[in-house]
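One structure is given here, and the rest of the page talks about it.
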Amino acid sequence: MWVAEWNEVDFTDESRICLQHHDGRIRVWRHLGEKMLSSCVMHHHTGPAPGIMVWGGIGYHSRTPLVRIAGTLKSQRYNSEVLEPVVLPYIQGLATAIFQQDNARPHVACIVQRFHVNHQIELLPWLARSLDFSPIENM
Numbered sequence: 001m002w003v004a005e006w007n008e009v010d011f012t013d014e015s016r017i018c019l020q021h022h023d024g025r026i027r028v029w030r031h032l033g034e035k036m037l038s039s040c041v042m043h044h045h046t047g048p049a050p051g052i053m054v055w056g057g058i059g060y061h062s063r064t065p066l067v068r069i070a071g072t073l074k075s076q077r078y079n080s081e082v083l084e085p086v087v088l089p090y091i092q093g094l095a096t097a098i099f100q101q102d103n104a105r106p107h108v109a110c111i112v113q114r115f116h117v118n119h120q121i122e123l124l125p126w127l128a129r130s131l132d133f134s135p136i137e138n139m
């Protein structure tokens, strides 16, 4: 891909926004022998933390609206709640666009791949287990 073509890529992703201090997914690093020291143990609520999941996209000169995702995003809902109402009009409004999405399960499902083919949406290939060089990862 040439440098000028990167201006045509629209990077997309989902992100969870926590509405509390933390969501319970804290990693603790300790030295050998410190396993149960009270200074290494953090007590907190272990239930799900309140938060929202959003999907969005950014391009060189554009951005999509944020889409709130309730519950688990599966391929059928990705099609009906994100691709059809948001991505399709967004892509059609651009002169040229290369659509980028990671390899999350809803993105690589057959129904989603058919949607891209049927609507002639050009995809940026995303290698499995590749580094997240997408600028949207830093938003």
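For the sequence shown, UniProt numbering assigns the number 1 to the initial residue and increments by one for each residue that follows. Positions of the beta carbon are idealized from the N, C-alpha and C atoms, including for glycine.
- The beta carbon of C18 sits closer than 6 Å to the beta carbons of A49, G51 from its chain, once the five residues preceding and following it are set aside; these are given in chain order.
- Within the DSSP bridge table, the entry for W55 names E14, V67 as partners.
- Taking L88 as reference, the option from E5, Q120, M53, R30 with the minimal CA-CA separation is Q120.
- In this chain, the alpha helix (DSSP H) harbouring I91 covers 88-92.
- Counting every other CB atom within 10 Å of its CB across the protein chains shown gives F11 a total of 16 or more, marking it as buried.
- Put simply, the backbone Cα of S80 is about 13 Å away from that of W55.
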